[in-house]
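In this note's numbering, the protein residues as written are 23 to 151. Glycine included, C-beta positions come from ideal geometry on N, C-alpha and C.
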């Protein structure tokens, strides 16, 4: 029902998903999770449209290392009454994040692993030599 991510790394990903989904007439709201509450006004951790309690939210992340950053977003979303079952990252650095998510009962998907990126660029470097 929505996508969300911890500021600042996930901001462009959340925004892109939300914009492209709207352009395709299948709008997916985007939420930005602050690391600290807003210093004035509402003192909110979550910025974006209000969703109904129990709404399903997918957490997006740029790079996963230990998984702690996305878990902060997961925790804030659950505290707000949303359901989080999936974390999606662009890159998994294979340093424990996937295991952390699994231990928390979350599914995890990454578009690329750090090994795949290394293999790709190593092949490119080998061909240019």
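Apart from the five residues just before and just after residue i, which ones in its own chain have a Cβ nearer than 6 Å to its Cβ?
{"i": "residue 86", "result": "111, 114, 119"}
{"i": "residue 82", "result": "25, 27, 32, 35, 36, 110"}
{"i": "residue 133", "result": "112"}
Contact check, residue i vs residue j under 8 Å by CB: the rounded distance?
{"i": "residue 29", "j": "residue 55", "result": "7 Å"}
Apart from the five residues on each side of it in sequence, which residues of its chain come closer than 8 Å, Cβ to Cβ, to residue i?
{"i": "residue 105", "result": "76, 77, 78, 79"}
Are the CB atoms of residue j and residue i within a distance shorter than 8 Å?
{"i": "residue 136", "j": "residue 116", "result": "yes"}
{"i": "residue 57", "j": "residue 66", "result": "no"}
{"i": "residue 70", "j": "residue 45", "result": "no"}
Taking DSSP as the reference, what is the three-state secondary structure of residue i?
{"i": "residue 107", "result": "strand"}
{"i": "residue 141", "result": "helix"}
{"i": "residue 159", "result": "This structure leaves residue 159 out entirely; the chain is present only between 23 and 151."}
{"i": "residue 100", "result": "helix"}
{"i": "residue 46", "result": "coil"}
{"i": "residue 82", "result": "strand"}
{"i": "residue 23", "result": "coil"}
{"i": "residue 76", "result": "coil"}
Among residues of its own chain, excluding the 5 on either side of residue i, which ones have a beta-carbon nearer than 7 Å to its beta-carbon?
{"i": "residue 64", "result": "none"}
{"i": "residue 50", "result": "24, 25, 39, 40, 43"}
{"i": "residue 102", "result": "68"}
May I ask whether a heavy atom of the ligand HEM can be found less than 7 Å away from the beta carbon of residue i?
{"i": "residue 62", "result": "With respect to small molecules bound, the structure shown includes none, and the ligand HEM cannot be examined in it."}
*Would you be able to state if there are at least three C-beta pairs under 8 Å between the stretch 119-139 and the stretch 91-99?*
The answer is yes - the stretch 119-139 touches the stretch 91-99, with three or more Cβ pairs under 8 Å.
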